[in-house]
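What follows is a set of notes on a single structure, which appears directly below.
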Amino acid sequence: MRRLKIEFCDENGQQVTVALSGSVSKEKLFKLIELFEIKDKTDTSSKTPKTIRERILEIINSKLNSTWFTSKELSSLYFEQFHDSIKPSTISTYLTRLYNNGYLERTGNRSCWQYRLVTKTTKNVETFIKELYKK
């Protein structure tokens, strides 16, 4: 009679031990391993949900990093990527905070702000212009 003992340990140190005895086929063994791999993947994704700010920054960095955009454009991309709607006021609040913290530059007026990701080149040009006018 065969006896088989398998131990699974996740990143938090939780341990699961499975003991099998008798006839164990390869298929059963692979299904058992797949079960724990799938469980491990779903556990890690549910442990670290992205915040709204992280999601917005992800979209800006990946899809809007070199262009001017509006809050409406960001909102539609947010819905496409995360299948979750977000209120326009929430988007505007986050964009204003990112602008105030220096991540974004802004142009336009209150009724239609346009934003763009601040790059090192943009910062260097702004610094150069400020220094030029100081003299």
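Once you know that position 88 of the sequence shown is 87 in numbering that gives the first Met the number 0, the rest is easy, because the numbers rise by one and skip nothing. Beta carbons: idealized from backbone N, C-alpha and C, even for Gly.
Inter-residue spacing [alpha-carbon to alpha-carbon] between Gly107 and Ile51
The residue given as residue 107 occupies position 108 in the sequence shown. The residue given as residue 51 occupies position 52 in the sequence shown. Between Gly107 and Ile51, the C-alpha separation is close to 25 Å.
Contact between the region 68-78 and the region 88-96 is defined here as three or more beta-carbon pairs at a separation below 8 Å; is this criterion met?
yes
According to DSSP, Val23 sits in a beta bridge with which residue or residues?
Within the sequence shown, residue 23 is the residue found at index 24, counting from 1. Val23 pairs with nothing; no bridge assigned.
Kindly indicate which three-state DSSP category Thr89 falls into: helix, strand or coil?
Looking up residue 89 in the sequence shown gives position 90. It is helical.
In this structure, does DSSP put Gln13 in helix, strand or coil?
Counting from one through the sequence shown, the residue named residue 13 turns up at place 14. Gln13: coil per DSSP, three-state reduction.
Strictly by DSSP, which residues pair up with Gln80?
By one-based count along the sequence shown, residue 80 stands at place 81. Its beta-bridge partners do not exist; DSSP assigns none.
Excluding the 5 residues preceding and the 5 following Ile55 in the sequence, name in chain order all residues of the same chain whose CB lies nearer than 6 Å to its CB.
Your numbering for residue 55 matches position 56 in the sequence shown. Excluding positions up to five away in sequence, the list reads Tyr93.
Span of the beta strand (DSSP E), counted from its first residue to its last, around Leu3:
To locate residue 3, count along the sequence shown from 1; it is residue 4. 2-8 is the span of the beta strand (DSSP E), which, as asked, contains Leu3.
Which partner residues does Asn108 have in the DSSP bridge list?
Taking the first residue of the sequence shown as position 1, residue 108 is located at position 109. Looking at the DSSP assignment, Asn108 forms a beta bridge with Cys111.
Return no unless some Cβ of chain B is closer than 8 Å to the Cβ of Arg52.
Of the protein chains in the structure, only one exists, and it is not chain B.
Find out if the Cβ-Cβ distance for the pair Met58, Tyr77 is shorter than 8 Å.
For the purposes of this step, residue 58 is taken as the residue at position 59 of the sequence shown. For the purposes of this step, residue 77 is taken as the residue at position 78 of the sequence shown. Reading off the sequence shown, one finds Ile at residue 58, where the question assumed Met. Yes, Cβ-Cβ distance for Ile58 and Tyr77 is below 8 Å.
According to DSSP, is Leu116 helix, strand or coil?
Stepping through the sequence shown from its first residue, residue 116 is reached at position 117. Residue state, collapsed to three classes: strand.
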